[in-house]
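The structure appears right after this line, and notes come after that.
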Amino acid sequence: MNNSWLTLDDIRTPQGALGRQGFTAGGVNSIANHVFGINVPEDNSIRDTLTKAKQVPQATKKYMDFLRNTPVQATNLPDNTVHLEDGHHRAFIADQLGFKRIPKMGVPTVVGVGGMLPMYGAIKEGKEQGINPMAKFLSNMVPWDTIAPTGRGTV
């Protein structure tokens, strides 16, 4: 795996939102309870939770230590954009605490139909089902009915 830094602006939408996936108050509250030791209920408002988290002594240091142990997972795509695979809640909290960049773990990619495709999900699923992960990945990704006799796809 490739560990490096993710600049939060790289996953910010033109409207200013962070990433393209939604996140829940429960997810934010769970992380905040774990990292900052504040005991907020799962249905507490995100605003209230983050206000409490910011009051914790050395909150940013504690959060950076947490991120270094559990970096977000992201893939750099060929069009120079970044796809956040896992870590939307972590990235959002970091943004709210004023971080400009956070640790990331690169996700392995393979060239497939449609460009670069993350394959870690297929590997995980394949291992859970006890099958060859690459075979599972390729069987789901390659449109076999469009392969020409030369072995090259017609898509």
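Numbering (our numbering), first residue to last: 126 to 280.
Using N, Cα and C, we set each Cβ at its ideal position, and we do this for glycine too.
These numbers were taken from a predicted model, which means no experiment stands behind them.
Residue i: first and last residue of the uninterrupted alpha helix (DSSP H) it sits in
i: Ile-156; result: 150-161
i: Lys-186; result: 184-194
i: Lys-229; result: No alpha helix (DSSP H) contains Lys-229, which is instead part of the beta strand (DSSP E) from 226-231.
Residue i - DSSP class collapsed to helix/strand/coil
i: Thr-138; result: coil
i: Leu-143; result: strand
i: Leu-131; result: strand
Range of the contiguous beta strand (DSSP E) that encloses residue i
i: Leu-209; result: 207-211
i: Asn-125; result: This structure cannot settle anything about residue 125, because the visible part of the chain is limited to 126 through 280.
Presumed contact (8 Å Cβ cut-off) between residue i and residue j, rounded CB distance
i: Lys-179; j: Leu-222; result: 7 Å
i: Leu-192; j: Arg-226; result: About 10 Å separates the two Cβ atoms, so there is no contact after all.
i: Lys-187; j: Val-160; result: 6 Å
Residue i and residue j closer than 8 Å at C-beta
i: Asn-194; j: Thr-174; result: no
i: His-208; j: Ala-199; result: yes
i: Phe-217; j: Phe-148; result: yes
i: Ala-184; j: Ser-170; result: no
i: Val-197; j: Leu-131; result: yes
Nearest candidate by alpha-carbon position, reference residue i, set the options
i: Gly-162; options: Arg-137, Met-189, Val-181; result: Val-181
i: Asp-135; options: Pro-166, Ser-129, Asn-205; result: Asn-205
i: Gly-231; options: Leu-202, Ala-219, Gly-152; result: Leu-202
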